[in-house]
Structure formats: C-alpha cells, structure tokens
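In terms of the numbering used here, the sequence shown opens at residue -18 and continues consecutively.
Yeah, the Cβ is synthetic: ideal placement off N, Cα and C, and Gly gets one too.
Remember, predicted model here, so these are calculated numbers, not experimental data.
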Amino acid sequence: MIDVTQHLLATSRTVGSRTIEAGEARAVTISQTYDADLDDVWDACTNPERIPRWFLPVTGDLRLGGRFQLEGNAGGTILECDPPHGFRATWECGDMANWITLRLNPAAGGGTRLELEHLVPVDAHWAEFGPGAVGLGWDLGLVGLATHLATGAAVAGGEGQAWAASPDGLRFTTAGGEGWYQADVASGTEAAVARAAADRTLAAYTGADPAASASTEG
C-alpha cells in the first residue's frame, strides 16, 4: 500500500537553468531519501534484473560506454559511472536528446539520499509542457522504487499502471503536477505561463481538462 501523503512530503523538486552546447537548458531535479543502504539502492537502480520490478524492462549493456533501451520508453548511452554513487547517461526518445544524472549519498539521518537530475533543452516541447513533462514520469517511477525498496515486491507493469489510474494514483499525480508548477515558478517562470504548462502536462497524464484548472485559479 502506497502512502501518498508521506511520499509527496518526502519528495523535493527543483528547476534550474544551464547553458549547454546546444543552447539554453533546464535542470529538472527530484530527490528523496530511502530507508535502505547505499549498495541496495544502487543495485535497484542499475541491476537489469531489478529495474523491471519497479520501473521498466531494460536491455543493453549497463556499463560505462554501453547503450541501453527501456521497453516502450527512452534509450541512451552511459557516459559516466561511479559505483555506488551515481552515473550519467543520455536519455533519447525519438529525435529528442536529454541527459540524466543519478547521485546517491548516505543520508545524514540514515538511509540513502537519491537525487535524479534530468537536463532538458529549452525548445517548443518545454515551452508547451514545462518541467512536469519529465518530472511527473520520475515522480511515478520513484513511487515504484520506494515501494520496491521497502517491501522487495515487484510493483511495475500492470499493477503499477492500475495504481496510477486509481483515485490514490490520480491524487498523487495531481499533487506532483502542482509541485512541479511551484518549482517552475520558484525558478523564475511567470506564474501564468507555468500554470498553463502544468495544466497541459496534467491533462496528458490524467486526461483532465486543462481548462478546468485555469477556470478555478484564484
């Protein structure tokens, strides 16, 4: 059973700016602390036998310089690897090239602090959907990781999809979208622009009417 409120309170979200070779980019970062040791979290995030238990089936060569492919999702190349503290990889969907960086460190109060940064070029897709387009996907993924680390159970696949469509799952996704809206505004984006992007993203994830949120905005 996923404690939606606890998971939301345990998650931090930030949006920052970067300059890359291709131009302006945004760093969408999500972080959370798990009651699990560093080696266990590292193994859950990098072992091809465990990744499908909380995320998606993966194929390829999961080592420095190797390429990977997540079933029905992104693929990429592992650019840096520092076991058990993190890795950096490209994140490629069609003709869209992003980058992800995973950082793992012992938490001050025990357990392991995970920080995932997703670097996204500022383009038409970003202008339309903002940080939630990638952020909400990671929110949902980390729900699966938290449950897997706590119970050892496999929570991906049909079970994970069913939960995401349940009232609790929809409440979680809606609250996560609001969190990314707030992070976007905190980064300097005009509130109205951030709200419109957040509503479009939430509609894409849940099928909600983006005009409904805008019409009730105070």
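{"Check": "DSSP beta-bridge partners of residue 102", "Outcome": "6"}
{"Check": "Entirely enclosed beta strand (DSSP E) segments - the stretch 126 to 163, minimum 3 residues", "Outcome": "none"}
{"Check": "Reference residue 37; option with closest CA among 117, 89, 122, -12", "Outcome": "122"}
{"Check": "Run of the beta strand (DSSP E) containing residue 65, from where it starts to where it stops", "Outcome": "Element bounds for residue 65: n/a, residue is neither H nor E."}
{"Check": "Member of 98, 77, 181 whose CA lies at the smallest distance from the CA of residue 201", "Outcome": "This structure gives no information on residue 201, because the portion of the chain shown stretches from -18 to 199."}
{"Check": "Where residue 56 sits in the DSSP three-state scheme", "Outcome": "strand"}
{"Check": "Simplified DSSP assignment, three categories, for residue 187", "Outcome": "helix"}
{"Check": "DSSP three-state assignment for residue 181, whether helix, strand or coil", "Outcome": "helix"}
{"Check": "Segment contact flag, the stretch -2 to 7 with the stretch 81 to 94, C-beta cutoff 8 Å, min 3 pairs", "Outcome": "no"}
{"Check": "Proximity to residue 132 [Cα-Cα], best of 34, 30, 175", "Outcome": "34"}
{"Check": "Chain-order list of residues whose beta-carbon lies under 6 Å from that of residue 58 (same chain, five-residue window excluded)", "Outcome": "48, 71"}
{"Check": "Extent of the continuous alpha helix (DSSP H) run through residue -14", "Outcome": "-15 to -10"}
{"Check": "Residue from -3, 7, 50, 13 with nearest C-alpha to residue -11", "Outcome": "13"}
{"Check": "Same chain, Cβ closer than 7 Å to residue 107, five either side skipped, listed in chain order", "Outcome": "7, 101"}
{"Check": "Rounded C-alpha distance that separates residue 198 from residue 143", "Outcome": "Residue placement at residue 198 cannot be trusted, given a pLDDT of 37 that sits under 50; what the coordinates show is reported in the next sentence. Straight-line Cα distance between these residues: approximately 30 Å."}
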